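Following my numbering, the numbering of the sequence shown begins with 417 at its first residue and continues without gaps.
We put the beta carbon where it would ideally sit given N, CA and C, even for glycine.
None of these values were measured; they are calculated from a predicted model.
Structure first, then comments.
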Amino acid sequence: MTIQFADLLLPDELHRGLVKEGYETPTPVQQQVIPLAMEGADLLVSAATGSGKTAAFLLPMMQRFVDNRSRASATRALILVPTRELARQVYIQFMRLGSFTRLTAGVITGGEAKSHQIATLRKNPEILVATPGRLLEHLEGGDEVELGDLEILVLDEADRMLDMGFADDVLTIIGRCNPNRQSLLFSATLHHKGLAGITGPLLRDPQTLVINPVREQHPDIDHQILLSDEPEHKELQLLWLLEHEPFDKALVFANTRERTVALGNFLIGRGQRVLVLNGEMEQRERNRVMGLYHRGEVPILIATDLAARGLDVPGVGLVINLDPPRTGDEYLHRTGRTGRAGEHGVAITLVNSLEWNRVEGIARYLRLEFQPRTIKGLESRFQGPTRRKGHAKAAQAARSEKAAKAQAAAKREAERPKDRVRDRKDVGKRRKPTAATQAGLAPPKRSKPDNPPRGT
Ligand code: AMP
417 MTIQFADLLL PDELHRGLVK EGYETPTPVQ QQVIPLAMEG ADLLVSAATG
467 SGKTAAFLLP MMQRFVDNRS RASATRALIL VPTRELARQV YIQFMRLGSF
517 TRLTAGVITG GEAKSHQIAT LRKNPEILVA TPGRLLEHLE GGDEVELGDL
567 EILVLDEADR MLDMGFADDV LTIIGRCNPN RQSLLFSATL HHKGLAGITG
617 PLLRDPQTLV INPVREQHPD IDHQILLSDE PEHKELQLLW LLEHEPFDKA
667 LVFANTRERT VALGNFLIGR GQRVLVLNGE MEQRERNRVM GLYHRGEVPI
717 LIATDLAARG LDVPGVGLVI NLDPPRTGDE YLHRTGRTGR AGEHGVAITL
767 VNSLEWNRVE GIARYLRLEF QPRTIKGLES RFQGPTRRKG HAKAAQAARS
817 EKAAKAQAAA KREAERPKDR VRDRKDVGKR RKPTAATQAG LAPPKRSKPD
867 NPPRGT
């Protein structure tokens, strides 16, 4: 049965927020998480990016705080996220959904002035959205963070947090939280090897919900693959795609900060309006870039994985992997930036000969069928699939040759004993009988040159 927002008996203020946001029906993750979270259960949730998981943990928390104001409490909910961008994203969604409530939230992340954050903490917002490193700095510095009253602790994108080396920080923070809280953990995959080290101390008797298994394909995305050669060739292909593909907003992923900058320069030199986002930039600059992109003032963003994690921008119709990602999960994170909440998206991955195996591995892992893509006039020298065919033919030819050799050897082997027998018989036949052999007194002597048979 499909649950509707009306069935969830959310307070009126939140319904108005949902209408304002244009949410009509809860997404699958919201359908499963919200009722259980409202009952106070601890949850371990596997939900892919773009599934609507943010509202799935925000709405029950907001419902509880609207229905039960508790002004005397210190922080009531803590949402831990891996990156600054995701923290801002969660905060923005809170502000939108909660625009008719009087609830407040604060953001505590690295890259921003601590003094400003201390001022935020002094206002005692109900909800804190934080990255683990900076929150811990405040906790250890005695800066107004009080988690003893905490009612709800959320770990969002827990697998990313582990990948980024936050396990110890997260465990320390968990140790400082009210032990009688509710805890919710969201992760793209529940198979991450470090997860068990966190779920034990975090969750009590949790219910496990696997909503969008990480391997499931995003239904609204066309996954395309474009064969490429050296970096300069990729740049020309990228330029062509940006000039010819239809999109409101395009997101280009490169694997290094240097590459994002070089690409930005190249595209600007060719008359494109682009933004660059990477981890080396000051937080204020990152916010400025995201604002411009979000508002659609500049339509193309070139980013590294880290900078783009958690990025939720409406209208991203095109994702280009200039360099293929390193893993299948990373591929899902990148391409999940398009095709969000029912919009259609196209993801194009440029692959050179050195990257082919990696991309093939990703396709196998995600059970993804890439559609081959070509650009007339910009074809690559590398012809992956054709070469694979060639490989197959060569392998077949090698197999046939090997089989033929084996057959011939077997034939020779089969014939050899016959020859010997015949030879031996021949030797016997050819030997001229001696008087002794004829009389049956002595065996026939070997025909050695130094010992010729007698009688010859
Ligand atoms: P998330 O997975 O939380 O990052 O959400 C992905 C996108 O889906 C965000 O842009 C949300 O605003 C949007 N979204 C979340 N829930 C709904 C819903 N029930 N209906 C429509 N859009 C939604």
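DSSP bridge partner residues for residue i (one or two, in chain order)
i, result
"Lys665", "Val732"
"Ser462", "Ser603, Val626"
"Leu691", "Leu717"
"Ile543", "Ala493, Ala521"
"Pro788", "Ile641"
"Leu571", "Leu496, Leu601"
"Gly761", "Ile637"
"Asn737", "Phe669, Thr765"
Residue burial classification, residue i (beta-carbon count within 10 angstroms, cutoff 16)
i, result
"Ile736", "buried"
"Leu643", "buried"
"Val690", "buried"
"Asn768", "buried"
"Ile778", "buried"
"Pro788", "exposed"
"Asp423", "exposed"
"Leu770", "exposed"
"Ala666", "buried"
"Asp745", "buried"
"Lys469", "buried"
"Val435", "exposed"
"Gly564", "exposed"
"Thr441", "exposed"
"Pro662", "exposed"
"Ser531", "exposed"
"Leu537", "buried"
"Arg480", "buried"
"Arg804", "Only weak support exists for where Arg804 lies, its pLDDT of 42 falling under 50; the coordinates are left without a value."
"His607", "exposed"
Selected residue, minimal CA-CA separation from residue i, among the options
i, options, result
"Gly514", "Val445, Gly685, Gln447, Glu429", "Glu429"
"Arg576", "Asp458, Thr743, Gly777", "Thr743"
"Asn739", "Val482, Ile718, Ala453, Ala612", "Reading off the sequence, residue 739 comes out as Asp, not Asn. Among Val482, Ile718, Ala453, Ala612, the Cα nearest to that of Asp739 is on Ile718."
"Glu648", "Ala678, Arg620, His660, Val668", "Ala678"
"Leu792", "Gly456, Gln653, Arg780, Asp579", "A quick correction: the sequence has Lys, not Leu, at residue 792. Of the candidates Gly456, Gln653, Arg780, Asp579, the one whose C-alpha sits nearest the C-alpha of Lys792 is Gln653."
"Gly800", "Arg783, Leu782, Glu776, Ala464", "Glu776"
"Gly591", "Glu771, Leu618, Ala488, Ala457", "Leu618"
"Ile419", "Pro444, Arg432, Glu437", "Pro444"
"Val729", "Arg750, Pro741, Met454, Asp745", "Arg750"
"Arg485", "Gln446, Pro427, Ala535, His431", "Pro427"
"Thr491", "Phe516, Val561, Pro715", "Val561"
"Asp636", "Ser467, Glu440, Arg432", "Ser467"
"Leu782", "His760, Gln699, Tyr747", "Tyr747"
"Thr517", "Gln699, Lys530, Gly685, Leu475", "Leu475"
"Val762", "Gly557, Gln640, Ala529, Arg432", "Gln640"
"Ala612", "Leu460, Gln598, Glu701, Leu794", "Leu460"
"His660", "Gly680, Pro595, Gln688, Leu555", "Gln688"
"Gly685", "Val497, Leu655, Val668", "Leu655"
"Glu698", "Glu528, Glu437, Gly438, Gly680", "Glu528"
"Ala453", "Met478, Val497, Leu502", "Met478"
Contact check, residue i vs residue j, beta carbons under 9 Å
i, j, result
"Leu569", "Ala493", "yes"
"Pro548", "Phe510", "no"
"Asn694", "Arg673", "yes"
"Leu657", "Leu734", "yes"
"Asp585", "Leu552", "yes"
"Glu676", "Thr720", "Correcting the residue type first, residue 676 is Thr in the shown sequence and not Glu. Going by C-beta atoms, Thr676 is nearer than 9 Å to Thr720."
"Arg753", "Thr465", "yes"
"Ala706", "Arg504", "Residue 706 is actually Met in this sequence, not Ala. Yes. Within cutoff."
"Ser389", "Glu567", "Only positions 417 to 872 of the chain appear in the structure, and residue 389 is not among them; the question remains open."
"Ile614", "Gln448", "no"
"Pro715", "Asp645", "no"
"Glu501", "Leu727", "yes"
heavy atom of the ligand FMN below 8 Å from residue i C-beta
i, result
"Tyr507", "Looking for the ligand FMN in the displayed structure turns up nothing; the ligands present are the ligand AMP."
Touching by the beta-carbon criterion (3+ pairs, under 8 Å), the region 542-549 and the region 516-532: yes
contact_flag[the region 590-610, the region 558-574] where n(CB pairs < 8 Å) is 3 or more: yes
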